[in-house]
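Here the numbering used here is used: position 20 in the sequence shown is 67, and no number is missing along the way. All residues carry an ideal CB built from backbone N, CA and C; glycine is no exception. Reading through the structure tokens given below for one structure.
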Amino acid sequence: MSEELSPREHVAFYTGQQLPLELHKVRVVQKLYLKPIEDRYRAIQEAGYNSFLLSTKDTFLDMLTDSGCNAMSDRQTAAMMLADDAYAGSQSYLRLESRVQEMFGKSLVLPVHQGRAAENIISQAFISEGDHIPMNYHFTTTKAHIELNGGELHEIYTDEAMKIKSDHPFKGNIDLKKLKEVIKTYGTEKIPFIRLEASTNLIGGQPFSMENMKEVRKIADEHGLIIVLDASLIGENAYFIKQREAAYHNASIQSILLEMSELSDLIYFSARKLSSSRGGIICTSNESLYDQMRDMVPLFEGFLTYGGISVREIEAMAVGLEETLDDQMICQSPSFIDYFVRKAESLGIPVVTPGGGLGAHVDAKGFLPHIPQEEYPAGALVSAFFLVSGVRGMERGTISSVRLPSGKDLLADMELMRLAFPRRVFTLSQVEYTIDRLKWLLDNRDLVGGLQWDHEPKVLRFFLGKLKPIGDWPVKLMEKFREDMGTSL
Ligand code: F0G
């Protein structure tokens, strides 16, 4: 056995029971509160049955997102003390820039304050009215920016992507035949780029394979098209390539990442997911692409050597990026998710399989089959689950979709409750608690009803929208909970 255990060995080495092993110790902690169900009921009512509007003081385990809330390492917090405060030419920024250049092999780097700021700049620079953008799957903010600039999305995922239960290792792959069809239908002049999203967020954190990416590159080259890679969850995607793609079992995360990078013309990411609590990056080696974006950074973000990020965060980001390349670190979230998914499945809880990156995804259509999609089963599941557990998940279904000009909802392909696993934040017993409460809810699912809008914003409605229950199901659920538990906790 080598001195450093590989992620596969961590699991096997432990007890033979496939328990994920924490490869860090906890040195800074934050107190949590588990409030009684009556308080949680009041909180979810005040939040308009929207988990984005809950306060952390009412939340026990915050599994809303991994964005900006992964645990920081001692090296990251130490680096923050070295920050060089300067508007222009900060040494902190130069350190970050060279880290990005080394890690992605791209020479031209632009800083932005977070991922959607990169999407704003890329969309403004390259998308015109009537353009078509093929991609494996959209992310909410990506779609909003593309459409704002007159573009139309084409999600060309494989049939496997929409199957809840699957053992396909790469559900984030692009369907190559569909890609060729989109190119043929709309013509290359109407396609500013092909977008690939690493560890495809909205379909369950599912990765694409290197083999698929190489094929996409081939097609792009045949038609003179460029590839834009959303690398917000690139570490996990590279980890899955190493785990699941035979040719890469012995490759380092860094070499996999460089290979993915070489296959892309333009890369952007949200550092809130990748390495720190703020920041984002756009990078490329193509001067013409760079020139079309550069001047927008001082306009929308800040000067070219900070891009709206504080110098302290820039330091944390630089160290965090380096740590992303460490198998022992990057395996943490996927191995906890894998544990959760396998255990939940064994208890009959419908979950997206195989486990992916960023979070475990519970299938709300399977969990609450009696709630029609128009009554938002994923939103209802998130609210009901918060009520019975204090765990805050995120709705990733029709509420996160949009209303069509016809006045009807664009029903989401999948109705999911995402339970995010920010890196190195939760313990295994907290994960066990989450599974246990989810099983109780499954056994009492008939009590859960749907939701309807109270206040529906026009853009990105899931962030600030307010809903209300159809009927008084939350009260009935609360009563049954107290009866079964013999307590309000
Ligand atoms: N791209 C992907 C794949 C993302 O997951 C996100 C954010 C963004 C872009 C936008 O980045 O938040 O820094 O502006 N995902 C978060 C989430 C919000 O909770 O999944 P941002």
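By the Cβ test, the segment 203 to 222 is in contact with the segment 251 to 259, since at least three Cβ pairs between them sit closer than 8 angstroms. Distances between the C-beta of Leu280 and the heavy atoms of the ligand F0G include at least one below 7 angstroms. Comparing alpha carbon positions, the residue from Gly152, Asp214, Thr247, Ser137 closest to Thr189 is Thr247. Put simply, of Asp132, Lys78, Asp342, Ala191 the residue whose alpha carbon is nearest the alpha carbon of Ala172 is Asp342. When only Cα atoms are considered, Lys231 and Leu313 end up about 23 angstroms apart.
Around the Cβ of Gly437, a 10 Å sphere holds 16 or more other Cβ atoms; the residue is buried.
Each residue's CA atom was taken as its position, placing Met119 and Leu475 some 19 angstroms apart.
Put simply, of Met532, Phe217, Val506, Met260 the residue whose alpha carbon is nearest the alpha carbon of Pro452 is Val506. Residue environment for Ser279: buried (at least 16 other C-beta atoms within 10 angstroms of its C-beta). In this structure, Ile482 is the residue among Met441, Ala267, Ser102, Ile482 with its C-alpha nearest to the C-alpha of Arg389. The beta carbon of Asn248 sits closer than 7 angstroms to at least one heavy atom of the ligand F0G. In terms of Cβ geometry, Phe316 and Gly444 do not form a close pair [threshold 8 angstroms].
Less than 8 angstroms separates the beta-carbon of Tyr96 from that of Leu514. The segment 420 to 433 and the segment 399 to 407 do not touch, with fewer than three beta-carbon pairs separated by less than 8 angstroms.
In the structure shown, the three-state DSSP call for Arg242 is strand. Listed in chain order, the non-local C-beta contacts of Leu524 below 8 angstroms within the same chain comprise Ala431, Leu434, Val435, Asn491, Leu494, Val495, local neighbours out to five positions each way being set aside. With contact defined as three or more Cβ pairs closer than 8 angstroms, the segment 117 to 132 and the segment 350 to 367 are in contact. Judged by DSSP secondary structure, Ala425 falls within the alpha helix (DSSP H) whose first and last residues are 424 to 436. Within the chosen limit of 7 angstroms, the ligand F0G reaches the beta carbon of Ser114 through at least one heavy atom. In the DSSP assignment, Val409 falls within the beta strand (DSSP E) that extends over 406 to 410. Counting only residues of its own chain and dropping the five nearest sequence neighbours on each side, Pro181 has a CB closer than 6 angstroms to the CB of His201, Ile203, Leu226, Val229, Ile241. Collapsing the DSSP output to three states places Tyr480 in a helix. Comparing alpha-carbon positions, the option among Phe383, Gly403, Lys412 lying closest to Ile396 turns out to be Lys412. At a cut-off of 7 angstroms, the beta-carbon of Thr189 counts as near the ligand F0G: some heavy atom of the ligand is closer than that. Rounded to the nearest whole angstrom, the CA to CA distance from Leu488 to Arg529 is 13 angstroms. DSSP, reduced to helix, strand and coil, places Lys513 within a strand of the structure shown. Arg122 is classed as exposed because its beta carbon has fewer than 16 other beta carbons within 10 Å across all chains shown.
For Lys210, the closest of Leu141, Met461, Phe387 by C-alpha to C-alpha distance is Met461.
Where Glu526 is concerned, there is no enclosing beta strand (DSSP E), although the alpha helix (DSSP H) around it starts and stops at 520 to 532.
When secondary structure is reduced to three states using DSSP, Val398 falls in the strand class.
Buried is the label assigned to Asp113, since at least 16 other Cβ atoms lie within 10 Å of its Cβ.
If you ignore the 5 residues before and after Met340, its C-beta comes within less than 8 angstroms of the C-beta of Leu157, Ile168, Ile169, Ala172, Ile329, all in its own chain and listed in chain order. Taking the Cβ atoms as the reference, Glu348 lies roughly 6 angstroms from Ala164, within the contact range of under 8 angstroms. Inclusion of Ala298 and Leu276 in the CB contact set at 8 angstroms is not warranted, their separation being larger than that value.
An exposed status is given to Leu79, since fewer than 16 other beta-carbon atoms sit within 10 Å of its beta-carbon. Here Asp456 is bridged, per DSSP, to Arg450.
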